[in-house]
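Numbering (the UniProt record's numbering), first residue to last: 1 to 408.
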């Protein structure tokens, strides 16, 4: 074989290798794109084999990036935690949310006061990254399966005479219509009164009562099944011993106290589990219950109550933390009521400081105290600070007192 033929063969081999590398690169890109775009509404995500983390990925992880598998896992876990602690679904129009500028002055208490307030404020919590959405979808699927498949004992314990129930049996769940606030009208249509749902009240009353609402232990143990697993939920409900030593979601996701979103989510999931709906969706296909709207309304109730420091709502958090996080030092109820670590020392100190006498600013004449030669400027500034601090404290006290109006 002559030199010319060898050169030609080498070129052909190089071309083949190059084409193979390009095809391999394109295949990897297609697989990655398929994973990223496998969002809600595109069907169940395909399982893929575990892949070894390349050195380039490890180096990227060392720099704190989110490109490698570990970074993607972190993002998926962020989606898991969002579903559990914040909301079961993202905002309806994620694209619109992403185009909205952040409102750094956002006050969570005003989240529901205006129809479009949720769009700019959602930017502070709703981050539409494909891996996060994948994590959210997986969490909803796992949670709904866990409740229907593994929590019969928990539900039967709390249903009492209304049990036992097979949560897979549509006809048996249909008999629980009144428990989830449903009423059949004369024309055979069903109307739901979701704040009157007996299953959400500790005394199973079918009339709203602020002192029993969201304190049914079944709802709390539904949250326990999500956070710690069905075994822990059964142990809490029945008193049976728990044998599982597996790491739970609460540990993996560093969930250390009850959040408003956790309570609202557990309430919605309790209603769904006893409903005739087959799948957990924003709106039930069989019941027509708007679960996303239910979550929003329960969350609204809790946030307003927390902001106005209303005892019935703060008691909800105390009851939940006592059952789920008895050793927590970050209970929302403790922080607001002064219970727990610190005994509210900061609030007491600020209250006493607010009652202290303010030092008036002494004006020694025009132009006096403006320089720094004799130190008078420092004294004047201290006087101003004291006055401003006292004024701000008084203003906050007045606002707090005013916010109690209209609540029982």
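Cβ atoms here follow ideal geometry from the backbone N, Cα and C, with glycine treated the same way.
Secondary structure of residue i, DSSP reduced to three states
i: residue 209; result: coil
i: residue 308; result: coil
i: residue 274; result: coil
i: residue 85; result: helix
i: residue 359; result: coil
i: residue 296; result: helix
i: residue 317; result: helix
i: residue 229; result: coil
i: residue 71; result: helix
i: residue 221; result: helix
i: residue 237; result: helix
i: residue 171; result: helix
i: residue 256; result: coil
i: residue 132; result: helix
i: residue 409; result: Coverage of the chain is limited to positions 1 through 408, which leaves residue 409 absent and any answer about it impossible.
i: residue 137; result: helix
i: residue 261; result: helix
i: residue 166; result: coil
i: residue 144; result: helix
i: residue 90; result: coil
i: residue 327; result: coil
i: residue 246; result: coil
i: residue 149; result: helix
i: residue 80; result: helix
Identified DSSP bridge partners for residue i
i: residue 184; result: 190
i: residue 290; result: 283
i: residue 201; result: 213
Own chain residues within Cβ distance below 7 Å of residue i, not counting five before or after
i: residue 182; result: 190, 192
i: residue 207; result: 196
i: residue 234; result: 153, 154, 240
i: residue 286; result: 276, 277, 278
i: residue 202; result: 212, 215, 216
i: residue 161; result: none
i: residue 261; result: 85, 86, 87, 299
Sequence-distant residues of the same chain with beta carbon closer than 8 Å to residue i, five excluded per side
i: residue 65; result: Summary for residue 65: the model assigns pLDDT 45, below 50, so the residue's position carries little reliability; its value from the coordinates is reported in the next sentence. Result list for residue 65: 71, in chain order.
i: residue 172; result: 165, 166
i: residue 156; result: 163, 164, 165
Test: residue i CB closer than 9 Å to a CB of chain C
i: residue 209; result: In the structure shown, chain C does not exist; there is a single protein chain.
Neighbourhood of residue i by C-beta distance below 6 Å, restricted to the same chain and skipping five residues each side
i: residue 292; result: 89, 282
i: residue 383; result: A caution first: residue 383 carries a pLDDT of 42, below 50, which makes its placement in the model unreliable, though a value can still be read off. Hits under 6 Å: 359, 361.
i: residue 236; result: 221, 224
i: residue 258; result: 317, 320, 321
i: residue 81; result: 253
i: residue 266; result: 219, 222, 223
i: residue 176; result: 274
i: residue 264; result: 295, 298, 299
i: residue 256; result: 328, 330
i: residue 268; result: 291, 294, 295
Cβ-heavy atom distance, residue i to the ligand ZN, below 8 Å
i: residue 215; result: Of ligands this structure carries none, so the ligand ZN is not represented either.
(request) Evaluate contact between the region 297-306 and the region 235-255, counting only Cβ atoms and requiring at least three cross-stretch pairs below 8 Å. (result) Of all C-beta pairs linking the region 297-306 to the region 235-255, fewer than three are shorter than 8 Å, placing the two stretches out of contact.
(message) Does the contact criterion of 3 or more C-beta pairs under 8 Å hold for the region 220-229 versus the region 244-259?
(response) Three or more pairs of CB atoms, one per stretch, sit closer than 8 Å, so the region 220-229 contacts the region 244-259.
(request) Would you check if there are 3 or more beta carbon pairs closer than 8 Å linking the region 131-151 to the region 211-220? (result) No, the region 131-151 does not touch the region 211-220.
(message) Using 8 Å as the cut-off, can you tell me whether the region 266-277 makes contact with the region 143-157, which would need three or more C-beta pairs spanning the two stretches below that distance?
(response) Verdict: yes, contact present.
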